[in-house]
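Okay, structure first, notes after.
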Amino acid sequence: GSIGQTLAPMLQGLGAQVRGAARSAGTRAGVEVIAEADVPAALPDTDVLVNILPATEQTAGIVGREVLAALPDHAILVNVGRGATVDQVALREALEAGTLGAAGLDVTEPEPLPESDPLWDAPRLLITPHGAGGRPVGADERIAANLRALVEGGEVLHPAAR
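Here our numbering is used: position 109 in the sequence shown is 119, and no number is missing along the way.
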């Protein structure tokens, strides 16, 4: 879709080998797109799985135990689609077991994620506040400053209460 066609060249510009998935295979905007049925065979060779799926009856929990188990142990899951598409219990279990390298969630189910949700304590997991879409002017700089502060052990600006 349009999000994938926007995201793919950005990732390619960073040196990533990009492959998309859709209902039917082909080439879209110069990117190889595999059919949905071929996704399981592609997962073992996937270093970063970026999920941009919408929430539908067909996509509910689609990134579940089987998908996570098929990824290499070093793989990273990034979800900027909808929270309902990822089985968050299976994700937490995979991170705790070390069978998934890391994950970044810009969306969760529900939103906001309750303070008591065990997902907050999962290792190698970054949860952001559904900001992957448009954001206010200057937000990029604030995000970069906060990431630098986290890496360098500094103080994060405007921390959110869990």
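Ideal Cβ placement from N, Cα and C applies to all residues, glycine included.
Beta-carbon proximity of residue i to residue j, cut-off 8 Å
i             : j            : result
aspartate 48  : alanine 35   : yes
arginine 3    : glycine 111  : An answer regarding residue 3 cannot be provided, because it is not within the stretch 11 to 172 covered by the chain.
glutamate 106 : alanine 132  : yes
alanine 39    : alanine 52   : no
glutamate 119 : glutamine 98 : yes
isoleucine 62 : glycine 91   : yes
Residue span of the alpha helix (DSSP H) that contains residue i, given as start and end
i              : result
glutamate 119  : Careful: glutamate 119 lies outside any alpha helix (DSSP H) and carries neither H nor E.
threonine 16   : 12-23
leucine 78     : 75-80
isoleucine 153 : 149-162
Candidates the options: closest to residue i by CA position
i             : options                           : result
alanine 104   : Ala80, Pro120 and Leu123          : Ala80
proline 139   : Arg152, Pro146, Pro128 and Leu123 : Leu123
proline 82    : Leu59, Val96 and Val90            : Leu59
glycine 30    : Gly11, Gly23 and Leu24            : Gly11
asparagine 89 : Ala149, Gln22, Ile137 and Glu125  : Ile137
alanine 170   : Gly148, Val147, Trp130 and Asp150 : Trp130
glutamate 42  : Thr109, Gly14 and Gln68           : Gly14
glutamine 68  : Thr109, Asp57 and Val96           : Val96
Integer-rounded CB distance, given that residue j should sit under 8 Å from residue i
i             : j           : result
alanine 94    : alanine 65  : 4 Å
leucine 101   : alanine 85  : Their Cβ separation, rounded to whole angstroms, is 12 Å, which puts leucine 101 and alanine 85 out of contact at 8 Å.
glutamate 165 : alanine 159 : 6 Å
CA-to-CA distance, residue j to residue i, given in whole angstroms
i             : j             : result
isoleucine 44 : aspartate 116 : 25 Å
glutamate 46  : valine 77     : 13 Å
alanine 154   : valine 161    : 11 Å
leucine 157   : alanine 70    : 31 Å
isoleucine 72 : leucine 87    : 13 Å
histidine 168 : glutamate 121 : 19 Å
arginine 75   : proline 50    : 12 Å
First and last residue of the uninterrupted beta strand (DSSP E) at residue i
i           : result
valine 43   : 41-45
arginine 29 : 29-32
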